[in-house]
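Residue numbers (the working numbering): 480 to 699.
Cβ coordinates follow ideal geometry from the N, Cα and C atoms, glycine included.
Here it is, written out as structure tokens:
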């Protein structure tokens, strides 16, 4: 793995995203439309559990739509060209970093839109924002690895949906638990911050697995 290779690949992905800005716009439109439909359905009357579950469900499906294109927006021939210029480890790490940055942007905008229409029920902001950041980064890294696997099949989106849901469930359950603690006022609960540590550990495990396994997938 080479830092300069990662920087070049990351710069390439950012330029490609800016060139194809309609993709990001469509993802944001999907998220905003879903939030607005929830607003029309609930009329602003939402309890804490429903508020929390709705947000993470919206964010999960938005994440899948955002990350699924990671390995299919360019032709296989171009991917082969990239692999001849850089190591597979640099490729997967650059994809994880890029998708993490993308998810942080999407999460921030979706969250602002969500609290504007559905209301703000957060009691412990540091805890909730920690869950939001680690949850977004976890979704990005895990779904990037799944996208790399599913890109080898003809039905990329269908395969990604099948593979991602069983794998992402532990992370989703953890982030829902800790974010609910932030909503109900667990201000200085050590248990809540232990869940944040679990999220950080899950993120590290996913990144390490992607780093170790992607070179073998690339050779196929």
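Anticipated Cβ contact below 8 Å, residue 681 with residue 650, distance rounded: 5 Å
Secondary structure of residue 566, DSSP reduced to three states: coil
Three-state secondary structure assigned by DSSP to residue 630: coil
Contact set for residue 514: own chain, Cβ-Cβ below 8 Å, skip 5 residues either direction: 537, 589, 592, 593, 596 and 597
Residue 512 versus residue 656 - alpha carbon distance: 26 Å
Stretch-stretch touch, CB-based, cutoff 8 Å, three pairs: the region 516–527 with the region 572–585: no
Residue-level contact to chain D via CB, residue 688, 8 Å cutoff: The structure shown contains no chain D; it holds only a single protein chain.
Runs of alpha helix (DSSP H) lying entirely within the region 581–649, each at least 4 residues, in chain order: 604–629
Proximal residues to residue 534 (C-beta, below 7 Å), its chain only, five neighbours per side dropped: 593
Cβ separation of residue 585 and residue 692, assumed to be a contact under 8 Å, to the nearest whole Å: Rounded, the Cβ-Cβ distance is 26 Å, inconsistent with contact.
Cβ pair count under 8 Å reaching 3, the region 561–576 against the region 481–490: yes
Residue 670 to residue 612 span [Cα, whole Å]: 18 Å
Extent of the continuous alpha helix (DSSP H) run through residue 524: Residue 524 -> no alpha helix (DSSP H), and no H or E assigned at all.
Nearest to residue 664 (by Cα), restricted to the options 624, 607 and 678: 607
Residue 531 (DSSP reduced to helix, strand or coil): helix
Residues of its chain near residue 674, where Cβ-Cβ distance is below 7 Å and the 5 sequence neighbours each way are ignored: 653, 656 and 657
Rounded C-alpha distance that separates residue 662 from residue 602: 5 Å
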